[in-house]
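*Asks:* Okay, here's the structure, questions in a sec.
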Amino acid sequence: MGWLPDPVERLLDVALVGELTVIGHNGRPVTHPLIPLYHEGRIYLHSSTLFSKKLEHIKRDPRVALAITDPVATKGNPDRATIQGTARLIEEDPHSDWERLILRLWRAKEPSIDDFLKVRVALPLFFERAVIAITPERCLYWAGGRTDLAPVETRAPRSEAA
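For the sequence shown, the working numbering assigns the number 3 to the initial residue and increments by one for each residue that follows.
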């Protein structure tokens with residue numbers, strides 16, 4: 003558990019898709035749909051390392067935002083949240099870092115990953131993955147998806163954001 007509001011942690015726990023926004027090479031936002039995995043106050047995402055612009059963008063500028071907005075992807079939960087933070091890439095060993103850090107979380111959220119693991123030899127480049135670890139710093143939350151109302155804003159305690 004971290005400092006994020008309980009309803010936002012629940013969204014992260016069930017969300018099958020979140021929209022990760024990074025800052026592109028021209029300073030404009032670029033958004034990518036990814037599976038958010040939440041554990042011990044951090045948000046983990048993963049990406050194939052093959053031709054990944056998002057990883058290049060994060061290396062250049064680690065400021066990111068993750069939006070959870072799709073009620074289908076959150077199993078009918080209409081709440082919405084945007085979490086801003088700083089991303090750190092874990093990519094020293096693209097063959098095993100992700101397995102060690104997030105495979106258990108990924109499998110719990112999306113059991114169909116086991117079908118992909120069975121054909122791992124046929125898809126070797128898919129399994130060269132980097133982990134994106136986000137330290138949340140600011141959270142905007144819209145209960146019931148009511149974006150016509152101002153969001154509830156929370157910020158990380160000073161020691162977590164620093």
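A virtual CB, placed ideally from N, CA and C, is assigned to each residue, including glycine.
Give me the residue from Thr156, Asp72, Gly146 with the minimum Cα distance to Arg140.
*Replies:* Arg140 has its Cα closest to that of Thr156, out of Thr156, Asp72, Gly146.
*Asks:* Per the contact definition of three or more C-beta pairs closer than 8 angstroms, is the segment 93-109 in contact with the segment 22-36?
*Replies:* Judged by Cβ distances under 8 angstroms, the segment 22-36 makes no contact with the segment 93-109, as fewer than three pairs qualify.
*Asks:* When the distance is taken between beta carbons, is Asp72 closer than 8 angstroms to Ala145?
*Replies:* No, they are not a contact pair.
*Asks:* If you measure between the beta carbons of Leu103 and Tyr46, is that distance less than 8 angstroms?
*Replies:* Their beta carbons are under 8 angstroms apart, which means Leu103 touches Tyr46 by this criterion.
*Asks:* Quick one: what's Pro138 bridged to in DSSP?
*Replies:* Answer is Gly87, bridged to Pro138.
*Asks:* Report all residues from its chain with a CB closer than 6 angstroms to the CB of Gly29; omit the five preceding and five following residues, and keep chain order.
*Replies:* None.
*Asks:* Ordered along the chain, which non-local residues of its own chain (more than five positions away) have a Cβ less than 6 angstroms from that of Ala69?
*Replies:* These residues qualify, in order along the chain: Glu21, Thr84.
*Asks:* For His27, count neighbouring Cβ atoms within 10 angstroms of its own Cβ and tell me buried if that reaches 16, exposed if not.
*Replies:* Under this definition His27 is an exposed residue.
*Asks:* Leaving out five residues before and five after Pro64 in sequence, what residues of the same chain have Cβ atoms less than 7 angstroms from its Cβ?
*Replies:* Taken in chain order, the residues that qualify are Thr88, Ala89, Arg90.
*Asks:* By Cβ distance, which residues of its chain are closer than 6 angstroms to Val154, with the 5 residues on each side in sequence left out?
*Replies:* Taken in chain order, the residues that qualify are Tyr143.
*Asks:* Determine the direct distance from the alpha carbon of Val24 to that of Glu11, and round the result to whole angstroms.
*Replies:* Spanning the two alpha carbons is a distance of roughly 21 angstroms.
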